[in-house]
Ligand SMILES: [Ca+2]
């Protein structure tokens, strides 16, 4: 049981750490916030970062639940806040069985790549390209099992 829960616990701890010790201050030089959020609800399901290795400004993805099972509702983010289109360079996806479809265009359209867990740099060709995101059951993500 401990082994099964461990990856989720590690990712949850990392996400808490990112919240506590992530970017400090309230705004960047252009006035945009260092930590922005998208989605409604109290459950943090993913974090996107401006730079690789979880650096720079952060975008937090919130949902009304945190489940990623074959039957649970997916966490859909059809657009990103102003300044966040084509900007994300690294991500952390929620633990357990969660992974994400990351799309080139808004409304979860266009070319797509699957990611999960810690993504310190986006897959080749996907830096500064994400425009929408779907966090969901990650059948392709063996480390989430
Ligand atoms: Ca794009």
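In mature numbering (1 follows the signal peptide of the UniProt record, and there is no 0), the protein residues as written are -29 to -1, 1 to 116.
Built from N, CA and C at the ideal position, the CB exists for glycine as well.
Kindly identify the DSSP beta-bridge partner or partners of residue i.
{"i": "residue 26", "result": "22"}
{"i": "residue 107", "result": "70"}
{"i": "residue 63", "result": "18 and 89"}
{"i": "residue 32", "result": "9 and 17"}
{"i": "residue 48", "result": "104"}
I'd like to confirm something about residue i: is its beta-carbon nearer than 7 Å to some heavy atom of ligand 1, or not?
{"i": "residue 80", "result": "no"}
{"i": "residue 49", "result": "no"}
{"i": "residue 100", "result": "yes"}
{"i": "residue 22", "result": "no"}
{"i": "residue 38", "result": "no"}
{"i": "residue 75", "result": "yes"}
{"i": "residue 1", "result": "no"}
{"i": "residue 13", "result": "no"}
{"i": "residue 35", "result": "no"}
Look at the alpha carbon of residue i and the alpha carbon of residue j, and state the distance between them as a whole number of angstroms.
{"i": "residue 24", "j": "residue 43", "result": "30 Å"}
{"i": "residue 62", "j": "residue 12", "result": "20 Å"}
{"i": "residue 49", "j": "residue 71", "result": "13 Å"}
{"i": "residue 106", "j": "residue -1", "result": "31 Å"}
{"i": "residue 59", "j": "residue 76", "result": "13 Å"}
{"i": "residue 98", "j": "residue 90", "result": "11 Å"}
{"i": "residue 64", "j": "residue -3", "result": "24 Å"}
{"i": "residue 7", "j": "residue 84", "result": "23 Å"}
Given a threshold of 16 other Cβ atoms within 10 Å of its Cβ, counted over all protein chains shown, does residue i qualify as buried or as exposed?
{"i": "residue 36", "result": "exposed"}
{"i": "residue 46", "result": "buried"}
{"i": "residue 17", "result": "buried"}
{"i": "residue 2", "result": "exposed"}
{"i": "residue 34", "result": "buried"}
{"i": "residue 28", "result": "buried"}
{"i": "residue 40", "result": "exposed"}
{"i": "residue 81", "result": "exposed"}
{"i": "residue 96", "result": "exposed"}
{"i": "residue -27", "result": "Here the model assigns residue -27 a pLDDT of 44, short of 50, so the residue's position is not dependable, and the following value carries that caveat. By the neighbour-count rule (16 or more Cβ atoms within 10 Å), residue -27 is not buried but exposed."}
Taking Cβ positions only, does residue i come closer than 8 Å to chain B?
{"i": "residue 16", "result": "Reference to chain B is not applicable here, since this structure consists of a single protein chain."}
If we call anything under 8 Å between Cβ atoms a contact, is residue i one with residue j?
{"i": "residue 87", "j": "residue 109", "result": "yes"}
{"i": "residue 183", "j": "residue 10", "result": "The chain is shown only over -29 to 116; residue 183 falls outside these bounds and no answer can be derived."}
{"i": "residue 19", "j": "residue 30", "result": "yes"}
{"i": "residue 103", "j": "residue 57", "result": "no"}
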